[in-house]
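Peer 1: For reference, the structure I am asking about is given below.
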Amino acid sequence: MTPDTSRAMTELSTRRSPQEVVARLAHHLWPQGDDRREEARALYMIVDAARDPGLYPGLLAREEEADMRSLYQGDTASELAEVAPYLVRLTRGSAVADWLVGEGWGRGWGILVQADGDIDAVRRHFRKFTIVNGEGGAAYLFRFYDPAVLGSFLPISDEAQRAALFGPGIRFMMEDAGADALVLFESVNGDLRRVEIPLRTSPGPASGADAPRVR
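What follows is the structure in structure tokens.
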């Protein structure tokens, strides 16, 4: 067996199915237990339709069963519909949640957001950040809904930037670069808290290596 064949077989054996991804993430995405505030948070995904040509048609096919909003509005929303960012509410067990979380894991389709507000309030909050002003007043597209962009921006953000981006009860979650862990970001008293939650490769209780890592 050649090294390339061995590597391919290893990758195939460790690749997770969409159903397995959702099952392993469900406890963290839709918390249940004694903490009522945790349970009250809704889960959303900001989907970057520009990331994959199949995303916009997929959203259209599911719009009757899913609560979703474009972060753009007016003519911009119509003209850029196929590449716009979309806020989608994800309820546990729904077909759209299984599709976006399970099929999208490791493909950079967007970021996950836990928030206290309803979908219209959350949309109003995030709409403000689609265009930002840089030095000299120049306007820039801020692709914060790209996991790579947000994952790089938050660790170097200052307190004022975090105060603006983190709204009421908001947490950001995304895959890590290798899609081997769920990374959670939240603001705690103005400081950034990062938690890395590895996806276990086998069922059963988490071992020490599987425990969340806080930075």
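Counting in full-length UniProt numbering, the sequence shown runs from 1 upward without gaps. Don't be surprised by glycine CBs; every beta carbon is placed ideally from N, CA and C.
With a 10 Å radius around its C-beta and 16 neighbouring C-beta atoms as the bar for buried, classify Gln114 as buried or exposed.
Peer 2: Label assigned to Gln114: buried.
Peer 1: Grouping DSSP H, G and I as helix and E and B as strand, with all else coil, what is Tyr44?
Peer 2: In the structure shown, Tyr44 sits in a strand (DSSP, three-state: E or B).
Peer 1: Tell me whether the beta-carbon of Pro198 lies closer than 8 Å to the beta-carbon of Asp180.
Peer 2: For Pro198 and Asp180, yes; Cβs fall inside 8 Å.
Peer 1: Nearest by alpha-carbon distance to Asp146: which of Ala177, Asp120, Asp116, Thr91 is it?
Peer 2: Comparing Cα-Cα distances from Asp146 to each of Ala177, Asp120, Asp116, Thr91, the minimum goes to Ala177.
Peer 1: Beta carbon of Gly110, beta carbon of Asp48: below 8 Å?
Peer 2: Yes.
Peer 1: Leu150 and Met174 - do their beta-carbons sit closer together than 8 Å?
Peer 2: Closer than 8 Å, so yes.
Peer 1: Should Gly134 go down as buried or exposed, given a rule of 16 or more other Cβ atoms within 10 Å for buried?
Peer 2: Classification of Gly134: exposed, given that the 10 Å Cβ count is below 16.
Peer 1: With burial defined as no fewer than 16 other Cβ atoms inside 10 Å of the residue's Cβ, what is the status of Ile131: buried or exposed?
Peer 2: With fewer than 16 other Cβ atoms within 10 Å, it is exposed.
Peer 1: Express the C-alpha separation of Tyr86 and Ala77 in angstroms, rounding to a whole number.
Peer 2: Distance between the alpha carbons of Ala77 and Tyr86 is about 10 Å.
Peer 1: With a 10 Å radius around its C-beta and 16 neighbouring C-beta atoms as the bar for buried, classify Val22 as buried or exposed.
Peer 2: Result: buried.
Peer 1: Kindly indicate which three-state DSSP category Glu196 falls into: helix, strand or coil?
Peer 2: In this structure, Glu196 counts as strand in the three-state DSSP scheme.
Peer 1: Suppose the cutoff is 8 Å on Cβ atoms and the five residues either side in sequence are ignored; what does the same chain contact list for Arg89 look like?
Peer 2: Same-chain partners within the cutoff: Ala42, Leu43, Tyr44, Ala66, Asp67, Met68, Ile119.
Peer 1: Can you check whether the CB of Asp116 is closer than 8 Å to the CB of Ala40?
Peer 2: Yes, they are a contact pair.
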